[in-house]
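What follows is a single structure, written as structure tokens, with notes after it.
In my numbering, the protein residues as written are 278 to 448.
As structure tokens, this is what we get:
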């Protein structure tokens with residue numbers, strides 16, 4: 278399990294998105310979460326909180342920190358004192374350091390781009406391993422990756438809804 282640092286709440290786009298999300302009323306949060314899945318946030322606490330937010334918003338509630346925490350307790354998603362303590366501090370730090378909610382659409386594109394890049398890298402590793410060790414028919418099946426394609430589509434939709442162009446590395 279990865280340990281969060283004090284700067285994660287300010288530098289991690291996943292946490293920044295979730296912090297901005299916690300500022301929104303339920304209808305706006307539902308719109309912000311459209312096209313997103315908990316696994317877009319990777320693994321660990323960000324994905325866990327994203328799942329809590331998706332469930333909370335689907336039930337018609339705003340994803341305020343207290344609502345997410347209460348939902349985790351009532352559903353058993355935060356078993357044990359250590360897990361509850363970690364979740365409560367993660368929520369506090371993320372909410373306290375949340376950017377303006379207006380940055381949500383841009384942060385969403387960053388989260389989806391990172392998820393897409395991760396899916397492509399994972400697929401590439403599977404292909405590289407299969408190219409060396411697998412029969413040709415297995416390799417052929419691996420060349421079609423719908424997960425990366427679906428993430429690309431969702432990422433492009435998120436980019437289209439934001440006005441600024443995505444940042445690019447300088448040449």
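Backbone N, C-alpha and C fix where the C-beta goes; we use that ideal spot for every residue, glycine too.
As the structure is a computational prediction, the values presented were derived from the model and not from experiment.
Measure the C-alpha to C-alpha separation of residue i and residue j and round it to an integer number of angstroms.
i	j	result
residue 439	residue 351	36 Å
residue 358	residue 364	10 Å
residue 278	residue 349	Interpretation of residue 278 is limited by its pLDDT of 48, a score under 50 that renders its predicted location unreliable; the figure taken from the coordinates is listed afterwards. Each residue's Cα considered, the two are about 19 Å apart.
residue 299	residue 430	25 Å
residue 435	residue 310	11 Å
residue 397	residue 355	31 Å
residue 411	residue 306	44 Å
residue 405	residue 336	43 Å
residue 426	residue 433	11 Å
residue 401	residue 327	26 Å
residue 289	residue 382	15 Å
With residue i as the anchor, note down where its alpha helix (DSSP H) starts and where it stops.
i	result
residue 417	413-419
residue 300	Note, residue 300: premise wrong, no alpha helix (DSSP H); not H, not E.
residue 285	285-288
residue 336	That residue, residue 336, is in no alpha helix (DSSP H); it is neither H nor E in DSSP.
Thinking just about the alpha-carbon of each residue, which of the options is nearest to the one in residue i?
i	options	result
residue 316	391, 286, 285	391
residue 319	362, 415, 393	393
residue 395	383, 368, 428, 367	428
residue 388	398, 334, 313	313
residue 284	386, 373, 327, 328	373
residue 353	375, 325, 376, 338	325
residue 293	375, 308, 338	375
Using beta-carbon positions only, say whether residue i and residue j come within less than 8 Å of one another.
i	j	result
residue 415	residue 407	yes
residue 419	residue 403	yes
residue 330	residue 340	yes
residue 301	residue 378	yes
residue 368	residue 345	yes
residue 303	residue 334	yes
residue 291	residue 323	yes
residue 295	residue 371	yes
Does DSSP classify residue i as helix, strand or coil?
i	result
residue 365	helix
residue 439	coil
residue 314	coil
residue 380	helix
residue 374	coil
residue 323	helix
residue 356	coil
residue 308	helix
residue 341	coil
Residue i CB to nearest chain D CB: under 8 Å?
i	result
residue 431	Given the protein chain composition of this structure (a single chain), no chain D is represented.
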